[in-house]
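Visitor: As given, the protein sequences belong to chains A and B, one line each in that order. With our numbering applied, the first sequence covers 14 to 338. With our numbering applied, the second sequence covers 4 to 382. Glycine included, C-beta positions come from ideal geometry on N, C-alpha and C. My structure is below; once you've seen it, I'll send some questions.
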Amino acid sequence: MQVRIGLTGPFPRSEALVAATRDLDRGRATAESVEELFARTESEVVALEQRLGFDAVTGGYLRWPDLFRPFAETWEGFTVGPLTRWFETNTFYRQPILHAPPVRVAGAIAARLPPSILAAPERAAVILPGPYTFAGLLENRSGETEEALVHRLGRLLAEETKELAARGVTTFQFTEPLLVDRPPERSLAEAVVTAYRSIHAAAGGAATLVWTYGADANLAFPLLDRLPVSAVGVDLAETDWESIPAFPERRGLGLGIVDPRTTLVEEAGDVLRIVRGLKARRKISELWLGPGGSLDLLPWEPATRKLHVLPAARQALARDDRGGS
Amino acid sequence: MTRELFPAQEIGSLMKPRWQILAQHGDPLDEKALGEFRRANDRTHFADGAAGTPELLAGRSRELGAEAVRDLGALFALRLFENAGLARVYDGEARRIEMYEYPIRQMRGFQFQGHVRSFDHKYYLKAAVTDEVHLERPYHVEEFDFVRRHARAEPKLPITGPYTLADWSYNEHYLARQPGWKGPRARRTAQREFVVDLAKRAIRPTLAALIEHGCRVIQIDEPAAGTHPDEADLVVEGFNAATEGLDAEFSMHICYSEYRDLLPALLEAKRCRQWAWEFANRDRDGRDGYEVLKALAEYGDTREVGLGVVDVHRDEVEPPELVADRIRRAAKYLGDPARLWVNPDCGLRTRSIDVATRKLESTVHGAALARAEFQNPRA
Chain A
14 MQVRIGLTGP FPRSEALVAA TRDLDRGRAT AESVEELFAR TESEVVALEQ RLGFDAVTGG
74 YLRWPDLFRP FAETWEGFTV GPLTRWFETN TFYRQPILHA PPVRVAGAIA ARLPPSILAA
134 PERAAVILPG PYTFAGLLEN RSGETEEALV HRLGRLLAEE TKELAARGVT TFQFTEPLLV
194 DRPPERSLAE AVVTAYRSIH AAAGGAATLV WTYGADANLA FPLLDRLPVS AVGVDLAETD
254 WESIPAFPER RGLGLGIVDP RTTLVEEAGD VLRIVRGLKA RRKISELWLG PGGSLDLLPW
314 EPATRKLHVL PAARQALARD DRGGS
Chain B
4 MTRELFPAQE IGSLMKPRWQ ILAQHGDPLD EKALGEFRRA NDRTHFADGA AGTPELLAGR
64 SRELGAEAVR DLGALFALRL FENAGLARVY DGEARRIEMY EYPIRQMRGF QFQGHVRSFD
124 HKYYLKAAVT DEVHLERPYH VEEFDFVRRH ARAEPKLPIT GPYTLADWSY NEHYLARQPG
184 WKGPRARRTA QREFVVDLAK RAIRPTLAAL IEHGCRVIQI DEPAAGTHPD EADLVVEGFN
244 AATEGLDAEF SMHICYSEYR DLLPALLEAK RCRQWAWEFA NRDRDGRDGY EVLKALAEYG
304 DTREVGLGVV DVHRDEVEPP ELVADRIRRA AKYLGDPARL WVNPDCGLRT RSIDVATRKL
364 ESTVHGAALA RAEFQNPRA
């Protein structure tokens with residue numbers, strides 16, 4: 014069984030970045046000095062990801078204010094709307110308002126990605142909003158139905174994937190908390206499957222991952238199993254793992270084993286027991302391990318501390334595969 | 004006691020005036036701050052005869068000391084509320100900078116972990132509970148004593164509730180006690196233990212001390228209640244444990260939530276006499292923000308309602324006629340006008356002092372307009 018580990022969302026800003034960005038807002042720091050600190054801190058995140066043996070690095074997406082802002086600010090058809098609560102958290106995003114069918118602007122998202130990861134794209138994981146979550150959380154004044162919007166965003170994200178894959182990126186994650194918070198039904202569910210078909214086709218040989226979190230994924234599995242992607246990830250702090258149903262052998266399974274809602278560090282032994290339990294029921298050819306949700310629900314230091322369970326769990330699983338204890 | 008219909012009350016914090024911020028740092032007041040101070044005093048005479056006023060006006064803030072400045076800040080807010088015509092007042096939380104860090108720092112068992120981004124470049128400090136909760140000493144007591152000594156209207160104290168303190172912290176200690184993988188069931192059990200421990204070990208002793216000091220009206224703030232609607236029973240369990248065996252007039256303030264999602268679980272809060280909720284914010288663009296009150300009537304709940312009649316996130320001051328219309332609608336939905344208090348949706352700290360004052364005055368004038376139309380059935 015191949016085990017891949019890595020980040021599945023933004024990493025927290027360091028305390029130095031917190032202070033610097035606050036100072037920027039208060040006019041006590043220059044944009045240049047803060048930009049320099051962003052670049053330095055991104056390098057630190059990349060170094061941490063490499064030190065922990067992550068299969069692909071992200072740079073932490075420290076500059077992104079939220080999952081949608083780079084799109085709402087650069088793609089045509091959008092304006093940036095009001096502060097809105099991000100699921101059941103004490104954090105907020107600015108809701109994109111879509112006034113007309115969206116139009117992708119080539120190169121715009123690449124320009125917002127951490128430069129350090131595009132310097133070595135074959136080792137980069139690009140994290141993008143999933144079409145269903147994007148369509149469901151924006152304010153739609155475009156006149157398009159939600160189904161049509163999911164289709165359209167799927168096509169645009171596929172173009173984005175194609176552009177980045179052409180630059181050498183080998184791993185794409187689509188963040189889809191809404192898929193488990195409010196699982197789509199009937200025609201909307203079909204639109205989601207179609208959107209991921211577009212994305213999968215555009216990715217070429219790159220790995221595509223749909224990552225869900227924030228709610229029990231078990232109700233959404235009938236749909237998750239149909240998505241033509243390399244793997245689907247579920248949040249194990251919210252999902253009763255003993256109820257995870259059958260999943261096709263061809264597809265990898267992602268387990269969110271780092272809970273960003275607590276500073277308590279997870280134990281590799283517990284992960285091993287869960288994976289053994291799952292393997293007793295189903296063959297797992299590829300396992301992805303990562304944080305269950307956005308790690309930026311934690312401050313920098315505890316987030317860093319908690320990530321160490323990922324290589325530890327991989328090691329424990331490898332030993333177990335070899336028949337060791 | 005028989006009250007007139009639609010009495011007005013404060014609900015949360017006020018923006019700290021510029022002169023208070025400068026003086027707390029020991030800086031002399033600049034012309035702008037001096038002007039604001041003088042104009043406010045001309046209006047309410049809050050500083051007449053108050054200790055420290057001469058030093059402040061003479062540019063000797065450092066000599067005065069931060070605590071004396073906060074005293075003046077508290078007097079400023081008290082008189083502002085009273086001057087606007089509120090029947091229940093507090094000090095505008097003049098001594099507090101926020102509602103989480105201060106209470107947590109009065110307890111043992113917590114370790115601050117660092118900053119978490121709320122949005123953009125805005126952050127908040129967050130602690131983890133790493134041991135059993137122990138209260139160092141009851142808090143807000145000196146603050147209340149000052150208000151009690153100086154208030155001319157009835158004092159009402161706001162305090163952060165146990166559910167919100169738990170929800171805004173990382174649960175480490177109670178989660179670690181759960182065996183094996185910390186899945187949904189373990190997390191819920193651990194959160195219940197945390198909320199109840201906070202309520203029993205920290206909030207209840209604090210409330211008891213406040214009551215012993217003469218505090219009769221206490222607002223328990225639970226802004227986190229709406230974040231996880233499926234945990235409404237934990238909000239209630241915390242409220243009940245915090246108020247167990249205590250005799251005071253308790254209210255629960257929740258804002259920016261889907262209240263229907265919290266019902267009927269919330270109705271099990273035994274000693275809660277008043278729901279203080281936000282409504283004005285949702286009463287626009289063709290929406291009737293007060294319709295949710297029908298749900299209380301449907302469940303047969305007969306508690307008082309602290310009715311948010313002005314939006315605290317917009318500068319536009321609601322005219323008294325609009326306030327009166329909101330009160331009329333709310334009274335119709337509840338079926339009993341005598342159960343209504345009126346207040347802003349939430350604390351006015353994001354509005355300028357001028358806008359806050361005008362919104363409070365409009366609240367009181369609107370209540371007077373509505374009052375004239377109703378016969379008090381309990382008079």
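Rounded to the nearest angstrom, what separates E376(B) and F9(B) at their Cα positions?
Guide: Cα to Cα, E376(B) sits roughly 12 Å from F9(B).
Visitor: What residue ranges within the region 112 to 156 of chain B form continuous beta strand (DSSP E) runs of no fewer than 3 residues, ordered along the chain?
Guide: Correct list: 125 to 138.
Visitor: Identify the contact partners of N174(B) in chain A, using a Cβ-Cβ distance below 7 Å as the criterion.
Guide: By Cβ distance, chain A contributes T275.
Visitor: Is the region 211 to 224 of chain B close to the region 121 to 138 of chain B, with three or more CB pairs under 8 Å?
Guide: No contact exists between the region 211 to 224 of chain B and the region 121 to 138 of chain B.
Visitor: Based on Cα-Cα distance, which residue from A293(A), A69(A), V242(A) lies nearest to A259(A)?
Guide: When only C-alpha atoms are compared, the closest one is A293(A).
Visitor: List, in order along the chain, the chain A residues whose C-beta lies closer than 8 Å to that of H231(B)?
Guide: The contacting residues are E101.
Visitor: Excluding the five sequence neighbours on either side, which residues of its own chain have a C-beta within less than 6 Å of the C-beta of A268(A), listed in chain order?
Guide: Reading off the sequence, residue 268(A) comes out as Leu, not Ala. Counting only Cβ-Cβ distances below 6 Å, and skipping sequence neighbours, we find L249, L302.
Visitor: Can you tell me which of the three DSSP states A382(B) falls into?
Guide: Residue placement at A382(B) cannot be trusted, given a pLDDT of 48 that sits under 50; what the coordinates show is reported in the next sentence. Three-state result, A382(B): coil.
Visitor: Residues in its own chain within less than 7 Å of E160(A) by CB, not counting five upstream and five downstream?
Guide: Correct list, in chain order: S200, L201, A204.
Visitor: Under 8 Å between the Cβ atoms of L104(A) and N174(B)?
Guide: Position check: residue 104(A) holds Thr in this sequence, whereas Leu was assumed. Cβ distance not < 8 Å, so T104(A) and N174(B) don't count as in contact.
Visitor: Closer than 8 Å between beta carbons: that is the criterion. Which residues of the region 111 to 125 of chain B meet it against chain A?
Guide: The residues in question are Q116, G117, H118, V119, R120, S121, F122, D123, H124.
Visitor: How would you label K35(B), buried or exposed, when you count the other beta carbons within 10 angstroms and need 16 or more for buried?
Guide: Result: exposed.
Visitor: Using CA atoms only, rank isn't needed, just tell me which of S298(A), E48(A), P142(A), V59(A) is closest to V16(A).
Guide: For V16(A), the nearest C-alpha among the options comes from S298(A).
Visitor: Select from the region 185 to 211 of chain B all residues with a C-beta closer than 7 Å to any C-beta belonging to chain A, and list them in chain order.
Guide: The region 185 to 211 of chain B vs chain A, Cβ under 7 Å: K185, G186, P187, R190.
Visitor: Could you tell me which residues DSSP pairs with Y302(B) in its beta bridges?
Guide: Answer is none; Y302(B) lacks a bridge partner.
Visitor: State the DSSP-derived secondary structure class of R331(B), mapped to helix, strand or coil.
Guide: Helix, per DSSP.
Visitor: Interface residues of chain A around K129(B) at Cβ under 8 Å?
Guide: Under the 8 Å cutoff, chain A gives P312.
Visitor: How would you call E145(B), buried or exposed, if buried means at least 16 neighbouring beta carbons within 10 angstroms?
Guide: Looking at its Cβ environment, which holds fewer than 16 other Cβ atoms inside 10 Å, E145(B) is exposed.
Visitor: Using a Cβ-Cβ distance cut-off of 8 Å, determine whether A382(B) contacts chain A.
Guide: Residue confidence for A382(B) is low, a pLDDT of 48 falling below 50, so the modelled location carries little weight; the figure read from the coordinates is stated next. By this cut-off, A382(B) is not an interface position.
Visitor: Relative to chain B, which residues along the region 33 to 45 of chain A have a C-beta separation below 8 Å, given in chain order?
Guide: Under the 8 Å Cβ criterion, the region 33 to 45 of chain A contributes T34, R35, L37, D38.
Visitor: Enumerate, from N- to C-terminal direction, the unbroken beta strand (DSSP E) stretches of 3 or more residues contained entirely within the region 198 to 226 of chain B.
Guide: Counting whole runs of 3 or more residues, the region 198 to 226 of chain B contains the beta strand (DSSP E) stretches 220 to 224.
Visitor: Going along chain B, which residues have a C-beta under 8 Å from W254(A)?
Guide: By Cβ distance, chain B contributes W184, G186.
Visitor: Helix, strand or coil for Q194(B)? Go by DSSP, reduced to three states.
Guide: Helix, per DSSP.
Visitor: Is the separation between the beta-carbon of L75(A) and that of R107(A) shorter than 8 Å?
Guide: Not a contact, by the Cβ cut-off of 8 Å.
Visitor: Over the uninterrupted beta strand (DSSP E) stretch that includes R154(A), give me the two end residues.
Guide: No beta strand (DSSP E) contains R154(A), which DSSP labels as neither H nor E.
Visitor: Going by C-alpha distance, which of V198(B), P232(B), A156(B), C258(B) is nearest R82(B)?
Guide: Ranking the options by Cα distance to R82(B), first place goes to A156(B).
Visitor: Could you name the residues of chain B that A60(A) contacts, counting a contact when the two beta carbons are closer than 9 Å?
Guide: Simply none; closest approach about 20 Å.
Visitor: By Cβ distance below 7 Å, which residues in the same chain neighbour S56(A) in space, the five residues on each side in sequence not counted?
Guide: If we look at S56(A) and ignore the five residues flanking it on each side, its Cβ neighbours are S129.
Visitor: Give me the Cα-Cα distance between Y262(B) and V367(B), rounded to the nearest whole angstrom.
Guide: Y262(B) and V367(B): Cα-Cα distance of roughly 25 Å.
Visitor: So, do the region 142 to 150 of chain A and the region 116 to 129 of chain A have three or more beta carbon pairs nearer to each other than 8 Å?
Guide: Judged by Cβ distances under 8 Å, the region 142 to 150 of chain A makes no contact with the region 116 to 129 of chain A, as fewer than three pairs qualify.
Visitor: Whether or not the region 190 to 205 of chain B and the region 253 to 272 of chain B are in contact is what I'm after, with contact meaning three or more pairs of Cβ atoms, one per stretch, closer than 8 Å; do they touch?
Guide: Because the criterion of three Cβ pairs below 8 Å is not met, the region 253 to 272 of chain B and the region 190 to 205 of chain B do not touch.
Visitor: Put A113(A) into one of helix, strand or coil per three-state DSSP.
Guide: A113(A): strand per DSSP, three-state reduction.
Visitor: Give the single residue among P347(B), C349(B), P106(B), L372(B) whose Cα lies nearest to the Cα of D328(B).
Guide: That would be L372(B), whose Cα lies nearest to the Cα of D328(B).
Visitor: I want to see whether chain B comes within less than 8 Å of E176(A), judged by CB atoms only; does it?
Guide: For E176(A), the answer is no, since every Cβ of chain B falls outside 8 Å of its Cβ.
Visitor: Please confirm whether G229(B) and L265(B) have their CB atoms less than 8 Å apart.
Guide: Closer than 8 Å, so yes.
Visitor: Hey, would you say A283(B) sits closer than 8 Å to G289(B), going by beta carbons?
Guide: Not a contact, by the Cβ cut-off of 8 Å.
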